[in-house]
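Number of protein chains: 2
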Amino acid sequence: MSLDLTGLDVTADTAVLAAAVADAARLLPVKGIEPLLTGLLLSGQDDELVLSGTDRTNTVRLRRTAFVHTDGEVLVPAKPLADTLGALEEPEVRLVVEGSRLAIRTPGGRFALPLMDGELHPGVGALPAAVGQVSADELIALVGKVASAASRDDALPLFTGVHVQGRGDRLALVATDRYRMAIGDLPWQPEGDLDVLVPAPLLIEVAKQARTAEVITIHADGSRFGLSWPGAQLGTVLLASTFPDESRHTDAPVDAVVEVDGEVLAGAVRRVAPYSGPRAVIAVELGDSGLRIRAADPQNGEAEETVKATVDGDRFTHGYQARYLADALRVFGSARLRLSVRHGMRSTVIALADVAEGDANLRYVVMPIRLPSD
Amino acid sequence: MSLDLTGLDVTADTAVLAAAVADAARLLPVKGIEPLLTGLLLSGQDDELVLSGTDRTNTVRLRRTAFVHTDGEVLVPAKPLADTLGALEEPEVRLVVEGSRLAIRTPGGRFALPLMDGELHPGVGALPAAVGQVSADELIALVGKVASAASRDDALPLFTGVHVQGRGDRLALVATDRYRMAIGDLPWQPEGDLDVLVPAPLLIEVAKQARTAEVITIHADGSRFGLSWPGAQLGTVLLASTFPDESRHTDAPVDAVVEVDGEVLAGAVRRVAPYSGPRAVIAVELGDSGLRIRAADPQNGEAEETVKATVDGDRFTHGYQARYLADALRVFGSARLRLSVRHGMRSTVIALADVAEGDANLRYVVMPIRLPSD
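Those sequence lines, one after another, are chains E and L. The UniProt record's numbering numbers the first residue of the first sequence as 1 and each following residue consecutively. The UniProt record's numbering numbers the first residue of the second sequence as 1 and each following residue consecutively.
Right, here's the structure in full:
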């Protein structure tokens, strides 16, 4: 860093700067054993303000246009800066170093944050090389659906990740918490090989930040993963694990195929589930004219609903954890769905009944569970 | 109860019934040492379904039009009934006793709740005599503002109450948690004396339930309080305490009067407060051309904002707990405010700068607090 670590005087659009600082701050700790990591590096030069920070796992670097009166770089606490900028009502704001403070100035107000020692901050390196490109809209939509199947329990890091893999001209995203699995793929333009396990939180954060981007570039090497679009670079450390293979769920023979309105089925599951008692298991019976959704518990009473559906193949009844089935149906919204059901304790795969060639595709695996009466 | 405790067969509008059951259920426990109190009594007779329940402190009785096929009365768990009715999508629903269950039936579904022993339920008595009437809109608006100053800490029941008192043709509502006090009054048509201490939660619940009412009738005797409007009766047990007198705050001489835009002042308080450190005290300086809002803390930095205001009287600086000042300003919204400020540790009273004769009126008392530099 060749910039003056004591200078900086810059005027920026308040809304643009507030949004960028809030985006960066979400990836940084608000306290912890390394207080410097709560800081955001602000670097002003050539009519551009660069915001960067890291929690040692994730890195963020955002560039925004600004009027730089005096070049310089400072480190200030990210969360308080985000809070103050987000509460301002004036259209323009000036950030200027005054002694040991960064002053946030508006016509009627002055807010001064203590400077932190930027020399001791680990800094934010460049992302690895680009390996391909993908439509921002499609990636954001698919990440939101796939990542919902990842675990939030850090005790088993493998299951907090999303497996991201290039398969020819498709990019596959797979997540599982061991009880259900989401398998998505979408078109991409590969420039290299890609087979990595990425922490789900970074992908979810990208979905929040890249809403105005058109194309997202994917970066990876043997230890790091990154996503970039104009003005933004987000990076993270890869999870080092072998991910479960999904082909035994998607390629195995099927005993019955059900086509059903996803929203209608979700409504029935939502209404019947409260009657399922402490094990929270509901029964789904494949019948000639549709599905019968049932639950019973001596304490809570009992419930059943019939849902119109076409059923091809065998007739049998499976139990499912109500919450997992509801989660799976939720990601598909109101579309018409195809359920591929297998005998025994083998997986049920939920997918859209109709997928156009070249569209993003999603399959959601839920496992049957023994019914109280089995 | 002369009704058959095993019968009941009724068809009702789903949305109307779901809303009424949800309203009643919010006042009832979902578990506890008296499981019967989790139940809602449903009584069908003469094209009317009456829903009633009690937690032994509060009582609720709601009447709704319904098509009664078979008269009867049953007791069923209120929360599960509310949840199932609230999730239904069909316009009509049938409630019918089937053996030891109350079945909730729609064309595609059946949900069956266990009947509870209605004979053992304490029942819901009539409200005390009416003592006056008040506009529903005005009462709801004022309750929302006054009750925000009541304490949520049950350890001191006195401060969880709202003092409701008839004063000629005005009805006064006063609440305090010892740190701030809200004093409201509105026109009413008295039919008797009224001077009671009412648990704030019941008044807040009325504000949720009586949105379509025009006039609310107030009921009270020496031990109970109630509010009624067409189709609804809510009651509660009075708190037995003497309430602090507010006249020393409202009638004492004033050292300075400030007129200021409430929303602008609230914005400045909101932005400056995060810099006030662990004591969360902000300084408000009365100046010639307005107010200066300041906060400082070595750890957090410092902030100040100037707010245009007219100041009549003395010039001095008070500290305030930032949160209490923000709470007080919030209830006034965007109106122009008059602050009556006194020297020393004596109360500051916030009120609307302009109140029309015959309108509801509100004054909010906040106490100054020593500044770190005092």
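Heads up, the beta-carbon is just placed ideally off N, CA and C, and yes, glycines get one too. Please read all numbers here as calculations on a predicted model, not as lab measurements.
Under 7 Å from the C-beta of residue i: neighbouring residues of chain E
i: Pro80 (chain L); result: Pro274, Asn300
is_contact[residue i, chain E] using C-beta, thresh 8 Å
i: Leu113 (chain L); result: yes
i: Asp83 (chain L); result: yes
Amino acids of chain L, ordered along the chain, whose beta-carbon sits closer than 7 Å to that of residue i
i: Glu259 (chain E); result: Chain L residues near Glu259 (chain E): none, gap ~18 Å exceeds 7 Å.
Where residue i meets chain E, residues with beta-carbon distance less than 9 Å
i: Arg101 (chain L); result: Gly301, Glu302
Chain L within 8 Å of residue i, Cβ atoms only
i: Met1 (chain E); result: Low per-residue confidence applies at Met1 (chain E): pLDDT is 44, beneath 50, and the placement is therefore not dependable enough to give any value.
i: Thr14 (chain E); result: no
Residues that residue i bridges to, as DSSP identifies them
i: Gly109 (chain L); result: E:Glu305, L:Thr106
i: Asn361 (chain L); result: L:Asp185
i: Arg63 (chain E); result: E:Val50
i: Asn300 (chain L); result: DSSP lists no partner for Asn300 (chain L).
i: Ser100 (chain L); result: Ser100 (chain L) pairs with nothing; no bridge assigned.
i: Val284 (chain L); result: L:Ile293, L:His318
i: Ala351 (chain E); result: E:Arg338, E:Arg363
i: Leu234 (chain L); result: L:Val60, L:Leu227
i: Arg94 (chain L); result: L:Thr11, L:Arg105
i: Ala256 (chain E); result: E:Gly313, E:Val341
i: Ile369 (chain E); result: E:Gly319
i: Ser241 (chain E); result: DSSP lists no partner for Ser241 (chain E).
i: Gly132 (chain E); result: E:Pro190, E:Ile218
i: Gly72 (chain L); result: L:Gly44
i: residue 382 (chain L); result: Residue 382 (chain L) lies beyond the residue range present for chain L, which begins at 1 and ends at 374; the question has no answer from this structure.
i: Asp195 (chain L); result: L:Gln165
i: Asp261 (chain L); result: L:Arg336
Contacts of residue i in chain E (Cβ-Cβ under 8 Å)
i: Glu89 (chain L); result: Gly267
i: Thr306 (chain L); result: Gly108, Gly109
7 Å Cβ shell around residue i - same chain, five flanking residues per side excluded
i: Ser223 (chain L); result: Val237, Leu238
i: Leu81 (chain E); result: Val21, Leu40, Leu113
i: Val30 (chain L); result: Thr38, Lys79
i: Asp177 (chain E); result: Ala149, Ala150, Ser151, Phe159
i: Arg63 (chain L); result: Glu48, Val50, Gly231
i: Gly7 (chain L); result: Thr70, Asp71, Gly72, Val97
i: Thr14 (chain E); result: Leu85, Leu88, Glu90, Pro91, Glu92, Val93
i: Arg370 (chain L); result: Gly319
i: Ala200 (chain L); result: Ala147, Ala150, Thr160, Gly161, Val162, Ala175
i: Glu357 (chain L); result: none
For residue i, the first and last residue of its enclosing beta strand (DSSP E)
i: Tyr275 (chain L); result: Taken as a continuous stretch (DSSP letters only), Tyr275 (chain L) belongs to no beta strand (DSSP E), as it is neither H nor E.
i: Ser228 (chain E); result: 224 to 229
i: Arg167 (chain E); result: 161 to 167
i: Ala78 (chain L); result: No beta strand (DSSP E) holds Ala78 (chain L); the alpha helix (DSSP H) holding it covers 78 to 87.
i: Val174 (chain L); result: 170 to 176
i: Leu42 (chain L); result: 39 to 45
Per-residue contacts from residue i into chain L (C-beta, under 9 Å)
i: Arg270 (chain E); result: Ala87
Residue span of the alpha helix (DSSP H) that contains residue i, given as start and end
i: residue 409 (chain E); result: Not covered by the structure: residue 409 (chain E). The range shown for chain E is 1 to 374.
i: Tyr324 (chain L); result: 322 to 332
i: Gly118 (chain E); result: Counting along the chain, Gly118 (chain E) falls outside any alpha helix (DSSP H), and DSSP gives it neither H nor E.
i: Gly125 (chain E); result: It is not in any alpha helix (DSSP H) - Gly125 (chain E) carries neither H nor E in the DSSP assignment.
i: Pro201 (chain L); result: 200 to 209
i: Ala356 (chain L); result: Where Ala356 (chain L) is concerned, there is no enclosing alpha helix (DSSP H), given that its DSSP letter is neither H nor E.
i: Ser247 (chain E); result: 247 to 250
Close beta carbons around residue i, own chain, < 6 Å, minus the five adjacent residues each side
i: His318 (chain E); result: Val284, Pro368
i: Trp188 (chain E); result: Gly132, Val134, Leu171
i: Gln165 (chain L); result: Ala172, Asp195
i: Asp185 (chain E); result: Arg170, Ala172, Asn361
i: Arg338 (chain E); result: Glu259, Ala351, Ala353
Residues near residue i by beta carbon distance below 8 Å, same chain, minus five either side
i: Glu191 (chain L); result: Ala130, Val131, Gly132, Gln133
i: Asp9 (chain L); result: Gly44, Val68, His69, Thr70, Gly72, Arg94, Leu95, Val96, Val97
CB contact below 8 Å: residue i versus chain B
i: Gly53 (chain E); result: Absent here is chain B; the protein component of the structure consists of chains E and L.
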